[in-house]
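J.:
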Amino acid sequence: MRRLALVIGAALLLHATPSRAVQPDEVLPDAMLEQRARHLSRELRCMVCQNQSIDDSDAPLARDLRLLVRERLKAGDSDQQVLDFLTVRYGDFVLLRPPLNWRTALLWGMPLGTLIVGGVVAFITVRRHRRNSSTEGSANHAMPLTLDEEARIAALLQKAPDQPPAR
Amino acid sequence: MIAEIGHYALVLALALALIQAVVPLVGARIKDPVMMSVAGPTALAQLAFVGLSFAALTTLYVISDFSVVNVFENSHSAKPLSYKISGVWGNHEGSMLLWALILALFGALVALFGRNLPPTLRANVLAVQSFIAVAFEFFILATSNPFARLAQPPFEGRDLNPVLQDIGLAVHPPLLYLGYVGFSISFSFAVAALIEGRIDAAWARWVRPWTLAAWMFLTLGIAMGSYWAYYELGWGGWWFWDPVENASLMPWIAGTALLHSALVMEKRNALKVWTVLLAILTFSLSLLGTFLVRSGVLTSVHTFATDPTRGVFILAILIFFIGGSLALYAWRAPSLKQGGLFAPISREGALVLNNLLLTTACATVFVGTLYPLALEALTGDKISVGPPFFNATFGPLFLPLMIAMPFGPLLAWKRGDLLGAAQRLTLAFAVALIAMATVFAIEWGGPVLAPFLIGVAVFAMIGALIDLKERIQLFHQPFAVSLRRLVGLPRSAIGTAIAHFGLGVCLLGIACEANYGAERILSMKAGQTVSIRGYDLTFDNLVSRAGPNYRELVARFTVRSGGTTIGVLDPSKRTFQARNSSTTEAALLTRGFSQIYLSLGDVSDDGSVAIRLYHKPLVLLIWLGSVVMVFGGAMSLSDRRLRIGAPRVARRRNLQPAE
Numbered sequence: 055m056r057r058l059a060l061v062i063g064a065a066l067l068l069h070a071t072p073s074r075a076v077q078p079d080e081v082l083p084d085a086m087l088e089q090r091a092r093h094l095s096r097e098l099r100c101m102v103c104q105n106q107s108i109d110d111s112d113a114p115l116a117r118d119l120r121l122l123v124r125e126r127l128k129a130g131d132s133d134q135q136v137l138d139f140l141t142v143r144y145g146d147f148v149l150l151r152p153p154l155n156w157r158t159a160l161l162w163g164m165p166l167g168t169l170i171v172g173g174v175v176a177f178i179t180v181r182r183h184r185r186n187s188s189t190e191g192s193a194n195h196a197m198p199l200t201l202d203e204e205a206r207i208a209a210l211l212q213k214a215p216d217q218p219p220a221r
Numbered sequence: 104m105i106a107e108i109g110h111y112a113l114v115l116a117l118a119l120a121l122i123q124a125v126v127p128l129v130g131a132r133i134k135d136p137v138m139m140s141v142a143g144p145t146a147l148a149q150l151a152f153v154g155l156s157f158a159a160l161t162t163l164y165v166i167s168d169f170s171v172v173n174v175f176e177n178s179h180s181a182k183p184l185s186y187k188i189s190g191v192w193g194n195h196e197g198s199m200l201l202w203a204l205i206l207a208l209f210g211a212l213v214a215l216f217g218r219n220l221p222p223t224l225r226a227n228v229l230a231v232q233s234f235i236a237v238a239f240e241f242f243i244l245a246t247s248n249p250f251a252r253l254a255q256p257p258f259e260g261r262d263l264n265p266v267l268q269d270i271g272l273a274v275h276p277p278l279l280y281l282g283y284v285g286f287s288i289s290f291s292f293a294v295a296a297l298i299e300g301r302i303d304a305a306w307a308r309w310v311r312p313w314t315l316a317a318w319m320f321l322t323l324g325i326a327m328g329s330y331w332a333y334y335e336l337g338w339g340g341w342w343f344w345d346p347v348e349n350a351s352l353m354p355w356i357a358g359t360a361l362l363h364s365a366l367v368m369e370k371r372n373a374l375k376v377w378t379v380l381l382a383i384l385t386f387s388l389s390l391l392g393t394f395l396v397r398s399g400v401l402t403s404v405h406t407f408a409t410d411p412t413r414g415v416f417i418l419a420i421l422i423f424f425i426g427g428s429l430a431l432y433a434w435r436a437p438s439l440k441q442g443g444l445f446a447p448i449s450r451e452g453a454l455v456l457n458n459l460l461l462t463t464a465c466a467t468v469f470v471g472t473l474y475p476l477a478l479e480a481l482t483g484d485k486i487s488v489g490p491p492f493f494n495a496t497f498g499p500l501f502l503p504l505m506i507a508m509p510f511g512p513l514l515a516w517k518r519g520d521l522l523g524a525a526q527r528l529t530l531a532f533a534v535a536l537i538a539m540a541t542v543f544a545i546e547w548g549g550p551v552l553a554p555f556l557i558g559v560a561v562f563a564m565i566g567a568l569i570d571l572k573e574r575i576q577l578f579h580q581p582f583a584v585s586l587r588r589l590v591g592l593p594r595s596a597i598g599t600a601i602a603h604f605g606l607g608v609c610l611l612g613i614a615c616e617a618n619y620g621a622e623r624i625l626s627m628k629a630g631q632t633v634s635i636r637g638y639d640l641t642f643d644n645l646v647s648r649a650g651p652n653y654r655e656l657v658a659r660f661t662v663r664s665g666g667t668t669i670g671v672l673d674p675s676k677r678t679f680q681a682r683n684s685s686t687t688e689a690a691l692l693t694r695g696f697s698q699i700y701l702s703l704g705d706v707s708d709d710g711s712v713a714i715r716l717y718h719k720p721l722v723l724l725i726w727l728g729s730v731v732m733v734f735g736g737a738m739s740l741s742d743r744r745l746r747i748g749a750p751r752v753a754r755r756r757n758l759q760p761a762e
């Protein structure tokens, strides 16, 4: 009976104070293995959270996954094997770094693609502009003034002598 | 009564906005000066009425009028006054009203300071600005009325989400909105220029200070939000590549690109078509940011609104403004004539490279943020795009930018000398190499990339200083001459050097924090001691305290370094009765630019506590660097060349009697 009361008490306490990300009891004694586990945790998504890795999340599922990762590592899996193991179970959704395949080709190819296309367009535009202007002379990019502006310039020119120069 | 006044004021503001959107636009078309001059007074009146509406809502919060739904849902009578006020924008309705208020504020500022603008441009700008106001004020009134009443007023409110009860919330959204909405000015100018079909260097001179001001606010807002997440969320991270963070980062990157391309346009009359497009894109990304956060399309940590009808409404606003302005652009941009010529190796060329890299970085964040949504909508497949993706793609785009950055200001306009610039940067290369080698030697076996990052940061910082040194010819001329040159230097040149230096500082902080931080996760009992990076922390005791509207459990730790006590850390866990929710308050101890970060986990029955302890080397430089960037922006904003296009001010000055 006392034991039950203790469990309920602990449960209530847990509810009031949510557990925070990696817990002390999860940490592996082997520092190298723990470091690998932490590294893998940052690559894995907490499936029930919004955009949190299991390393940051306090959800119970994240804790389960963290323990699972450590279990696989203790069993001697390589990092890739752990990721593969989880991908088979949960799909690509669990990976925060989406794998490169035909569905993500656009995603991964976009940065370099934009850079190259943008660079080529910029280069061609600047060159064509230079060539056009050097053949046609420089008069063609002088901006015509509107009548309004002509009037204002005339007014300013008339006024100028009596006014001290603007600082 | 107050609620009704607020509501009615907003309706009147909408009516004014409609007038301001239509009459000056028609006036500019038929060249009717009377119709065009309607824009100014209506813009000021609009500010007055939106301001009245906002003041009414604030009053309702201060007096805790729980007959208003919005106040009931987000406030509590026991909440401290400052959080009652900041709670006004800590929810969807109130934050949209803040958006509208800032929009009206910027409109009024253009009306006030834009008296020297060509009348048609001024009328068009204010009309376009008012179109945005119409959309948002109508959105608030139709879907998000903050003044709705409850039939049976309860005695007590539901309180604000405890995570938001923080000084960070009081400051972060207003700064962010000042940035987002500030870009509406560049947008309005761009659209007005397209409507008129002409654009020139004076236009860029007009747009640049507004863009710069918006950029400064956005920089501060993002930095503030990042620091808030760092100390409030309790796991020591400061950037999560969360969609909502990305939503604010995208306009920032585009705005940074706009600042640089507007410079080319102002000085050399080139890149016009591109600058107009960037101005449109920057504000479109601001709108998109608002949409992403407000519509609940990505339900994430920050989202407090999840209502699809609002989402559809905002989507309509997005389509109208982004689609409309881009269509106008496609139609009118070809008629804009290109100006000044330049060689690929030149200041202009460097700024084009800057724009290319920034635009690509922005596109990367854009695609990374929206790709999972699009893929799920199109194929039903769910993928995650998280920090590992962004670090792998964003980093390689930003590093070349940082390396190229010191070269830009050293190149001449039109045709530059790359070799000469490199020679002048010899010192920066040397110092960066020494820094790299030193870090590599000290942290032997550590992360391989980190020394390189630190080298790039140092190169950017020293490079910015060399730019300044070259301009004042320090060591080439007597010191007195250099000093005179420094005083005579255009403020914008000093501002550029400061801002570039700040970006280097920021990268230094990022590189150190991300690679050389130490972490301990353990369970401790009172009296036990833990060490991290030469600091010893002793867990003294655990006490329970009462706050104004919460109870907290505080753990007290004494920090010693080499036997002497250097401080006390008291991280806590707060429980808020009103919502039965809790927050973790991390404790921070600052040593130089580094920090010791301590966050509390579970408390067991036997009195032991789980803790997460970090040593974060040079972490403060991340935010300090941002502040330095903003300071550089402020310096540049004070440049008289940005004000000289304002003859009215000069005339007024001349009228004053000499003293």
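In the order they appear, the protein sequences are chains A and B. Throughout, our numbering is defined as the position within the first sequence, counted from one, plus 54. Throughout, our numbering is defined as the position within the second sequence, counted from one, plus 103. From the three backbone atoms N, C-alpha and C, an ideal C-beta is built for every residue, glycine too.
(1) Give the DSSP-derived three-state secondary structure of residue 707 of chain B in the structure shown.
(2) Evaluate residue 408 of chain B with the Cβ neighbour count: other Cβ atoms within 10 Å of its Cβ, from every protein chain shown; 16 or more gives buried, anything less gives exposed.
(3) Among B/612, B/586, B/563, which has the Cα closest to the Cα of residue 574 of chain B?
(4) When burial is assigned at 16 or more other CB atoms within 10 Å of the CB, is residue 344 of chain B buried or exposed?
(5) Are the C-beta of residue 484 of chain B and some C-beta of chain A separated by less than 8 angstroms?
(6) Taking buried to mean at least 16 other C-beta atoms within 10 Å of its own C-beta, is residue 496 of chain B buried or exposed?
(7) So, does the CB of residue 134 of chain A fall closer than 8 angstroms to a CB anywhere in chain B?
(8) On the DSSP bridge assignment, give the partners of residue 779 of chain B in chain order.
(9) Apart from the five residues just before and just after residue 321 of chain B, which ones in its own chain have a Cβ nearer than 6 angstroms to its Cβ?
(10) For the beta strand (DSSP E) holding residue 688 of chain B, just list the boundary residues, first then last.
(11) Counting only Cβ pairs nearer than 9 angstroms, list the residues of chain B close to residue 94 of chain A.
(12) Going by CA-CA distance only, name the one from B/191, B/544, B/272, B/221 that's closest to residue 206 of chain A.
(13) Can you confirm whether residue 666 of chain B, when its beta carbon is compared against all beta carbons of chain A, has any partner nearer than 8 angstroms?
(14) Which partner residues of residue 663 of chain B appear in the DSSP bridge assignment?
(15) Within the same chain, show all residues whose beta-carbon is closer than 7 angstroms to that of residue 181 of chain B, passing over the 5 residues directly before and after it, in chain order.
(16) Count the other CB atoms within 10 Å of the CB of residue 128 of chain A; is the residue buried (16 or more) or exposed (fewer)?
(17) Taking only runs of the alpha helix (DSSP H) that begin and end inside the segment 124-189 of chain A, which ones reach a length of at least 4 residues, in chain order?
(18) Closer than 7 angstroms by beta-carbon distance: list the chain B residues that pair up with residue 97 of chain A, in chain order.
(19) Taking the continuous alpha helix (DSSP H) assigned at residue 261 of chain B, which residues delimit it?
(20) Pull up the CB-CB distance for residue 654 of chain B and residue 635 of chain B, whole angstroms please, since I reckon it's below 8 angstroms.
(21) Under 7 angstroms Cβ-Cβ, which residues of chain B neighbour residue 158 of chain A?
(22) Just by C-beta distance, which residues in the segment 328-345 of chain B are closer than 9 angstroms to chain A?
(23) Quick one, which residues of the segment 598-630 of chain B are near chain A if we go by CB-CB under 8 angstroms, in chain order?
(24) Going by Cα to Cα distance, which pick from B/187, B/229, B/334 is closest to residue 261 of chain B?
(25) Taking the beta carbon of residue 505 of chain B as the centre, do at least 16 other beta carbons fall within 10 Å, making it buried, or is it exposed?
(26) Please look up how many angstroms separate the CB atoms of residue 323 of chain B and residue 733 of chain B, rounded, as I've assumed it's under 8 angstroms.
(27) Closer than 7 angstroms by C-beta to residue 291 of chain B: which residues in its own chain qualify, once you throw out the five before and the five after it? Chain order, please.
(28) Pop quiz: residue 449 of chain B and residue 517 of chain B are said to be a contact at Cβ under 8 angstroms. What is the actual Cβ separation, rounded to whole angstroms?
(29) Going along the chain, which residues of its own chain have a beta-carbon closer than 6 angstroms to the beta-carbon of residue 196 of chain A, five neighbours each way excluded?
(30) Skipping 5 residues on each side, what residues in its chain have a beta carbon closer than 7 angstroms to that of residue 560 of chain B?
(31) Suppose only complete runs of 3+ residues qualify. What are the beta strand (DSSP E) ranges in the segment 473-551 of chain B, listed by chain order?
(32) Measuring alpha carbon to alpha carbon, tell me which of B/148, B/374, B/361, B/266 ends up nearest residue 333 of chain B.
(33) Quick one: complete alpha helix (DSSP H) runs, 4+ long, within the segment 359-429 of chain B?
(34) When the Cα atoms are used, what is the spatial distance from residue 392 of chain B to residue 347 of chain B?
(35) Go ahead and label residue 298 of chain B buried or exposed: buried means 16 or more other beta carbons lie within 10 angstroms of its beta carbon, across all protein chains shown.
(36) Report the three-state DSSP secondary structure of residue 121 of chain B (helix, strand or coil).
T.: With the structure as the only source:
(1) Residue 707 of chain B sits at position 604 when you count from the first residue of the second sequence. Three-state result, residue 707 of chain B: coil.
(2) Within the second sequence, residue 408 of chain B is the residue found at index 305, counting from 1. Residue confidence for residue 408 of chain B is low, a pLDDT of 44 falling below 50, so the modelled location carries little weight; the figure read from the coordinates is stated next. The residue in question, residue 408 of chain B, is buried, as its Cβ has 16 or more Cβ neighbours within 10 Å.
(3) Taking the first residue of the second sequence as 1, we reach residue 574 of chain B at position 471. Of the candidates B/612, B/586, B/563, the one whose C-alpha sits nearest the C-alpha of residue 574 of chain B is B/586.
(4) Within the second sequence, residue 344 of chain B is the residue found at index 241, counting from 1. Buried, since its Cβ has 16 or more Cβ neighbours within 10 Å.
(5) Looking up residue 484 of chain B in the second sequence gives position 381. Closer than 8 angstroms: yes.
(6) For the purposes of this step, residue 496 of chain B is taken as the residue at position 393 of the second sequence. Around the beta-carbon of residue 496 of chain B, 16 or more other beta-carbon atoms lie within 10 Å, marking it buried.
(7) As a working mapping, residue 134 of chain A is identified with position 80 in the first sequence. For residue 134 of chain A, no Cβ of chain B is located within less than 8 angstroms of the residue's own Cβ.
(8) With chain B represented from 104 up to 762, any question about residue 779 of chain B goes unanswered, as that position is not in the structure.
(9) Numbered from 1 along the second sequence, position 218 holds the residue referred to as residue 321 of chain B. So the list reads 282, 355, once near-sequence residues are dropped.
(10) On the second sequence, position 585 is the one that residue 688 of chain B refers to. That run of the beta strand (DSSP E) goes 684-688.
(11) In the first sequence, the residue the question calls residue 94 of chain A occupies position 40. Neighbours of residue 94 of chain A on chain B: none; closest Cβ ~11 angstroms, over 9 angstroms.
(12) By one-based count along the first sequence, residue 206 of chain A stands at place 152. Distance check between residue 206 of chain A and each of B/191, B/544, B/272, B/221 places B/221 closest, using alpha-carbon atoms only.
(13) In the second sequence, residue 666 of chain B corresponds to position 563, counting from 1. The beta carbon of residue 666 of chain B does not come within 8 angstroms of any beta carbon belonging to chain A, so the residue lies off that interface.
(14) Position 560 of the second sequence holds residue 663 of chain B. BP columns for residue 663 of chain B point to B/639, B/668.
(15) Indexing the second sequence from 1 puts residue 181 of chain B at position 78. Once the five neighbours on either side are set aside, the close Cβ partners of residue 181 of chain B are 651, 652.
(16) Within the first sequence, the letter at position 74 stands for residue 128 of chain A. Its Cβ having fewer than 16 others within 10 Å, residue 128 of chain A is exposed.
(17) Fully contained in the segment 124-189 of chain A are the following alpha helix (DSSP H) runs of length 4 or more, in chain order: 133-144.
(18) Sequence index remark: in the first sequence, residue 97 of chain A carries index 43 (1-based). Within 7 angstroms Cβ-Cβ: 491.
(19) Position 158 of the second sequence, counting from 1, holds the residue named residue 261 of chain B. No alpha helix (DSSP H) contains residue 261 of chain B, which DSSP labels as neither H nor E.
(20) For this step, residue 654 of chain B is matched to residue 551 along the second sequence. For this step, residue 635 of chain B is matched to residue 532 along the second sequence. Actually they are not in contact, since the Cβ atoms of residue 654 of chain B and residue 635 of chain B sit about 29 angstroms apart, beyond 8 angstroms.
(21) If you number the first sequence from 1, residue 158 of chain A lands on position 104. Under a criterion of Cβ atoms nearer than 7 angstroms, the residues of chain B adjacent to residue 158 of chain A are, in order, 486.
(22) Result list: 336, 337, 338, 340, 343, 344, 345.
(23) Under the 8 angstroms Cβ criterion, the segment 598-630 of chain B contributes 624, 625, 626.
(24) Numbered from 1 along the second sequence, position 158 holds the residue referred to as residue 261 of chain B. Residue B/187 holds the alpha-carbon nearest to the alpha-carbon of residue 261 of chain B among B/187, B/229, B/334.
(25) In the second sequence, residue 505 of chain B corresponds to position 402, counting from 1. Here residue 505 of chain B is buried. Its C-beta has 16 or more other C-beta atoms within 10 Å.
(26) On the second sequence, position 220 is the one that residue 323 of chain B refers to. On the second sequence, position 630 is the one that residue 733 of chain B refers to. About 5 angstroms separates the two Cβ atoms, so the contact holds.
(27) Stepping through the second sequence from its first residue, residue 291 of chain B is reached at position 188. Once the five neighbours on either side are set aside, the close Cβ partners of residue 291 of chain B are 228, 231, 232.
(28) Taking the first residue of the second sequence as 1, we reach residue 449 of chain B at position 346. Taking the first residue of the second sequence as 1, we reach residue 517 of chain B at position 414. With 8 angstroms as the limit, residue 449 of chain B and residue 517 of chain B qualify as a contact, their Cβ atoms being about 5 angstroms apart.
(29) Taking the first sequence and counting its residues from 1, the one referred to as residue 196 of chain A is at position 142. For residue 196 of chain A, the predicted structure reports a pLDDT of 48, less than 50, and the residue's modelled location is therefore unreliable. The matter cannot be settled from this model.
(30) Counting from 1 along the second sequence, the entry for residue 560 of chain B is found at position 457. Shown here for residue 560 of chain B: same chain residues with a beta carbon closer than 7 angstroms to its own, the five before and five after excluded, namely 607, 610, 611, 614 in chain order.
(31) You should have found no qualifying run.
(32) Locating residue 333 of chain B in the second sequence gives position 230, counting from the first residue. For residue 333 of chain B, the closest of B/148, B/374, B/361, B/266 by C-alpha to C-alpha distance is B/266.
(33) Taking only runs of at least 4 residues, the alpha helix (DSSP H) segments lying wholly in the segment 359-429 of chain B are 375-398, 411-421.
(34) In the second sequence, counting from the first residue as 1, residue 392 of chain B sits at position 289. In the second sequence, counting from the first residue as 1, residue 347 of chain B sits at position 244. Spanning the alpha carbons of residue 392 of chain B and residue 347 of chain B requires a straight line of approximately 7 angstroms.
(35) For the purposes of this step, residue 298 of chain B is taken as the residue at position 195 of the second sequence. Counting Cβ neighbours within 10 Å, residue 298 of chain B comes out buried, since at least 16 surround it.
(36) Translated into positions along the second sequence, residue 121 of chain B becomes position 18. Residue 121 of chain B falls in the helix class under three-state DSSP.
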